[in-house]
Structures are given as structure tokens and as C-alpha cells.
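A.B. asks: According to the UniProt record's numbering, the sequence shown holds residues 1 to 249 in order.
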Amino acid sequence: MGNDPIAAPAPLLPVLYEDNHLLAVIKPPGMLSQADETGEMDMVTLLKDDLKARYQKPGNVYVGLVHRLDRPVGGAMLFAKTSKAASRLSESVRSRSFDKLYVAVVHGSPEAAAGRLRHFLRKDAGRNIVSVHHKQVPDAKEAILDYAVVAKQGGLSLIAVKLLTGRSHQIRAQMAEIGCPLVYDRKYGAPAVQGEQDIALWSTSIGVAHPVTKEWLTIHAQPPKTEPWSRFRDDDFIRARSILPLEGM
1 MGNDPIAAPA PLLPVLYEDN HLLAVIKPPG MLSQADETGE MDMVTLLKDD LKARYQKPGN
61 VYVGLVHRLD RPVGGAMLFA KTSKAASRLS ESVRSRSFDK LYVAVVHGSP EAAAGRLRHF
121 LRKDAGRNIV SVHHKQVPDA KEAILDYAVV AKQGGLSLIA VKLLTGRSHQ IRAQMAEIGC
181 PLVYDRKYGA PAVQGEQDIA LWSTSIGVAH PVTKEWLTIH AQPPKTEPWS RFRDDDFIRA
241 RSILPLEGM
């Protein structure tokens, strides 16, 4: 009995995919993607600690951040475990071959069941909020997304969203601009409701060419079975992937 192997500790976060080069996990809503001046726990630090513990690695562990999720947003997030993988994934992000699909629950429903939104967003860093403009203004950046209504339930709509640009608060601000703020997103005009939780925005799928094998890799993460996600069926979230499919699928 004294020679029994010691079981490796369980990962700190749900692991969606892992190999020698990549690690995909579910980011909890409310956690920072990377460290900031607050000193609060962030994904990169947490995963470094996790890898050191699980693989009993001495010294520093490499975790490369290649894309971000806004703090209130949860779901699939992909990290590099080597600098080579990080460099190649970062190039995929720059060339827009790093594909991401989000789902959101919004108040009401867009006038068109599917479409493309194009605005210009200007960030007020002091207030941590962006303003939406319909033409170019100083310091504003172009923001483009595709969306499709997946299902409707009790005055709410489940929306699939693909970003063509990656701007801070982009989905939140652009959906609010067309009169469909995300549920619980008071910052962008959602009505107050009882028992408020994290905003209803979730990174549900990532698609990218593997940085080493070059094979297309697809990662999925279902939203939690809590309000308002629980109003919709599992089939609705699966159908979202086919309505706005990732490249390579």
C-alpha cells in the first residue's frame, strides 16, 4: 500500500482540451483574464499555479494569453503552454483565423432575425464604458459582428454572435444600441430584475488551426444551467453552432 501512486490533483477549472501545447478551460464569470492593478486573481496566474500543482513542476510554468474575455464574461478560453504555440496562436488572432462564437440572452428581439452590426465604439477608460456611434468619430474604433436569433422565451431571446472585430464590451454595447441589452447588464441599459447575476454572455465555441499539428481544433462549452440560460434547451445551444458555424466545421 505504501507504494501506491499518488493521484494527481484535479484541475482548478473545467478542462475542455489539453495537450503539450495548448490548454482550454472554462473561465468563470467575474475573473480577470490577466493580472491588473487590483491584484485580484486572474486566469493566467490561476492556470500557472494549477499546472505546477498538477504536474509537480518546479520553477516557472509558461501560460500564454492569446485572447481575452471581458471580466463579467464566462466560457471557453484557450491558452498556450509554450512560447511557440503562443506566437502562432497570436498570429491566428491577428489574421482573424481564430474563430469564436458567443451566445447571449437579450431583452426583446432584434428587428431582423439575423444580420451584421457595424458601429464605431469609443471607450471611456475612467468609467469603463464604451459609447456607440454610427459614423467615425475621434478615438473610436470600428466594431463589426454577425448575429442570429436562435430561440425566444418569455420576452427574452437567445442570440448567437460572431465577432469580426474584437473591441472591449463590443457585444454588450452593440446589442444595447439596437434595443436588446443583455440580461443583467445594467451598465448598458438592461432593466433591474430580482436576483441579478453575471451578464448573460458566454464564450461557447472556439475554432483554430492547431499551432503545431495544423489540424483544425474546435472547442465547445455549454453555459451554466442557471437563469437566464436555463430558460433554453440544450438543443438551442447546439443549434447556435450550426446557425453561425465556425470556420472548419
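Even for Gly, the Cβ is constructed at its ideal location relative to N, Cα and C. A quick note: this is a predicted structure, and the numbers were derived from the prediction, not measured.
(1) Which class does Q170 belong to by DSSP, given the choice of helix, strand or coil?
(2) Of the choices R172, K214, A10, Y17, whose alpha-carbon is the least far from that of S205?
(3) For R231 and Q136, what's the separation of their Cα atoms in angstroms?
(4) For the region 148–168 against the region 100–109, do three or more pairs of beta-carbon atoms, one drawn from each stretch, fall closer than 8 Å, so that the two count as touching?
(5) Which of helix, strand or coil does DSSP assign to L89?
(6) If you draw a straight line from the C-alpha of E40 to the C-alpha of L32, how long is it?
(7) According to DSSP, simplified to helix, strand and coil, what is L145?
(8) CB-CB under 8 Å to D42, same chain, minus the five flanking residues each way: which ones, in chain order?
(9) Where do the N-terminal and C-terminal ends of the beta strand (DSSP E) with M77 fall, by residue?
(10) Identify the continuous beta strand (DSSP E) that holds K27 and give its terminal residues.
(11) Taking C-alpha atoms, which residue in V130, W216, A80, L201 lies nearest to F237?
(12) For M1 and V193, what's the separation of their Cα atoms in angstroms?
(13) Which residue comes first and which comes last in the beta strand (DSSP E) that contains S109?
(14) Note down the Cα distance separating L182 from D234, rounded to an integer number of angstroms.
(15) Which residues mark the beginning and the end of the alpha helix (DSSP H) in which V193 is found?
(16) Would you kindly work out how many angstroms separate the C-alpha atoms of Y147 and H119, rounded to a whole number?
(17) Does DSSP classify residue 266 as helix, strand or coil?
(18) Give me the residue from L101, D139, A173, K187 with the minimum Cα distance to R239.
(19) Please list, in chain order, all residues of the same chain as Q170 whose beta carbon is under 7 Å from its beta carbon, the five residues on each side excluded.
(20) If you draw a straight line from the C-alpha of R88 to the C-alpha of V63, how long is it?
(21) I'd like the span of the alpha helix (DSSP H) that includes A240, first residue to last.
(22) By the DSSP assignment, the beta strand (DSSP E) with T218 in it spans what residues?
(23) Using the Cβ count rule (16 or more neighbours within 10 Å means buried), how would you classify G59?
(24) Whose C-alpha, out of P223, D185, V208, W229, is nearest the C-alpha of L22?
(25) Do you know whose CA, among N128, R186, N20, lies nearest S83's CA?
(26) Please work out which residues of its chain come closer than 7 Å, Cβ to Cβ, to P14, disregarding the five sequence neighbours upstream and downstream, and give them in chain order.
C.D. replies: Reading off the structure:
(1) helix
(2) Y17
(3) 38 Å
(4) yes
(5) helix
(6) 8 Å
(7) strand
(8) M31, L32, S33, Q34, A35, D36
(9) 74–80
(10) 22–27
(11) L201
(12) Since pLDDT at M1 reaches only 42, below the 50 mark, its modelled position is unreliable, and no value is offered.
(13) Where S109 is concerned, there is no enclosing beta strand (DSSP E), given that its DSSP letter is neither H nor E.
(14) 20 Å
(15) Note, V193: premise wrong, no alpha helix (DSSP H); not H, not E.
(16) 14 Å
(17) Here the chain covers residues 1 to 249 and nothing more, so residue 266 does not appear.
(18) L101
(19) L121, A143, L145, L163
(20) 14 Å
(21) 234–243
(22) 216–220
(23) exposed
(24) V208
(25) N20
(26) V25, I26
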